[in-house]
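Under numbering that gives the first Met the number 0, the first residue of the sequence shown is numbered 0, with each subsequent residue one higher. Ideal Cβ placement from N, Cα and C applies to all residues, glycine included.
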Amino acid sequence: MVNKKKPARTCMACNEQKDKNELLRIVKSKDGIIDVDLTGKKSGRGAYICKNEACLDKIIKSKRLERVFELEINQEIYESLRGVIIGK
Numbered sequence: 000m001v002n003k004k005k006p007a008r009t010c011m012a013c014n015e016q017k018d019k020n021e022l023l024r025i026v027k028s029k030d031g032i033i034d035v036d037l038t039g040k041k042s043g044r045g046a047y048i049c050k051n052e053a054c055l056d057k058i059i060k061s062k063r064l065e066r067v068f069e070l071e072i073n074q075e076i077y078e079s080l081r082g083v084i085i086g087k
């Protein structure tokens, strides 16, 4: 039996490497729309963060998401991310 390796990703806030399904994927589509990807299958540039508020606060404070996606991100997107994290 072959052990299939689980894909690992790194949280952009704490730099901790975890299984892909343990992290929250944020996607920037070709149209420049930022969205939360709960399935992990949406097309576009993806970034991962842990499913906790501490990591979310860290990327908001450092504007890390804005640098990764190279566009300004409004507060509504951050609040929707917070809602997904709290409601997990």
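### Task
Report buried or exposed for residue 46, applying the criterion of at least 16 other Cβ atoms within 10 angstroms of its Cβ.
The count along the sequence shown starts at 1 and reaches residue 46 at position 47. Result: buried.
#### Entry: In DSSP terms, what residue 27 is bridged to
Position 28 of the sequence shown holds residue 27. In DSSP, residue 27 forms a bridge with 33, 44.
### Query
In terms of residue numbering, what span does the beta strand (DSSP E) encompassing residue 7 cover?
As a working mapping, residue 7 is identified with position 8 in the sequence shown. Here the beta strand (DSSP E) through residue 7 covers 7 to 9.
### Query
Going by the CB atoms, is the gap between residue 11 and residue 44 shorter than 8 angstroms?
Position 45 of the sequence shown holds residue 44. Position 12 of the sequence shown holds residue 11. No; because the gap between Cβ atoms is not below 8 angstroms, this pair is not in contact.
### Query
Can you give the Cα-Cα distance for residue 2 and residue 74, rounded to whole angstroms?
Start at 1 with the first residue of the sequence shown, and residue 2 comes out as number 3. Start at 1 with the first residue of the sequence shown, and residue 74 comes out as number 75. Roughly 42 angstroms separates the two Cα atoms.
### Query
Which one or two residues does DSSP pair with residue 49 in a beta bridge?
Working through the sequence shown from its first residue, we reach residue 49 at position 50. DSSP output for residue 49 lists 22 as bridge partner(s).
### Task
Name, in chain order, the residues that DSSP records as bridge partners for residue 17.
The residue given as residue 17 occupies position 18 in the sequence shown. DSSP lists 8 as partners of residue 17.
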